[in-house]
Every structure is written in C-alpha cells, then in structure tokens.
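Enquirer:
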Amino acid sequence: MEAYTTNNDPKVIADYYMKCVTRLGGCSERIRADNGTKNGHVANMQVFLRRNHTDTFAKENSFIYGRSTGNQRIESWWGILRKQSVQFWMNMFKAHQDNGHFSGDFLDKSLIQFCFLNLVQR
1 MEAYTTNNDP KVIADYYMKC VTRLGGCSER IRADNGTKNG HVANMQVFLR
51 RNHTDTFAKE NSFIYGRSTG NQRIESWWGI LRKQSVQFWM NMFKAHQDNG
101 HFSGDFLDKS LIQFCFLNLV QR
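Going left to right, the sequence shown walks through residues 1 to 122 as UniProt numbering numbers them.
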C-alpha cells in the first residue's frame, strides 16, 4: 500500500505500478481499471510488459477498462481495509477538523501530510 499527497496524478500511479512490478519481479497477467485518466500510463506499461507473451491475456488483452461500479472485488477490499486500519486515521483527522485544528487550507493539508504521511504509509 502506498500513501502520498495525491492519488490522481498518472505519473504517481505509474510509479506505484512499477515499484510493485519490481518488487514482485513481474507484472500481473491482467489488470482491470476504470476509465479515469490516472490509469493511462499503467495501461501502456502493462501492455508493453506483456507484449511478448503468447497467452490469452497478452498485449492489449492484459489491460481492460471497466466501470468502477463493476470493480466489486476492489470495492470489497477497500471496505475491509477501511475497517481494519484506515478508519482510525479518518476518525483522528475528522476529530482535528471538528475541534477547529484543521481548516482544509493548503497549509493545514501540508502540515498534516508532513506530520503523518510516514506513519500512514506504515
């Protein structure tokens, strides 16, 4: 799991993908993602990495786009992750906001990221 200041930058998402490929020593047979622009680089890299394979999911078949509402497995996984660990952070940051210690402006967001990003990443 990766934590960073954005999850919408295609370059950041592509970096996460390549770190995973490197760590695992290869790429997935197939990836499914929604049509969001953040997935374009990952799609291109996946197809490139699977270009010489000869199985059913080789080349362009190794990445498919689908509606995010159809991604039931990942949505289920997000629910489990939220219950097991993320909810703690959500509650804590909400308490800071409710107590007037977080306004949501650029400085507040930057300070929260500076103070907590490494902890959340663990």
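C-beta: ideal position from N, C-alpha, C; glycine also.
Please read these numbers as outputs of a predicted model, since none were measured by experiment.
I need the straight-line Cα distance from K38 to G26, nearest angstrom please.
Expert: Their backbone Cα atoms lie some 21 Å apart in a straight line.
Enquirer: Report the start-end ranges of each alpha helix (DSSP H) in the UniProt domain "Integrase core" (5-121) that is 4 residues or longer and not cut off at the edges.
Expert: Within the UniProt domain "Integrase core" (5-121), the complete alpha helix (DSSP H) runs of at least 4 residues are 10-24, 40-49, 72-81, 87-98 and 106-121.
Enquirer: Can the beta-carbon of K59 be found closer than 8 Å to that of R51?
Expert: Going by C-beta atoms, K59 is nearer than 8 Å to R51.
Enquirer: Assuming I31 contacts S76 (C-beta within less than 8 Å), just tell me the rounded distance between them.
Expert: Wrong, their Cβ atoms sit about 17 Å apart, outside the cutoff.
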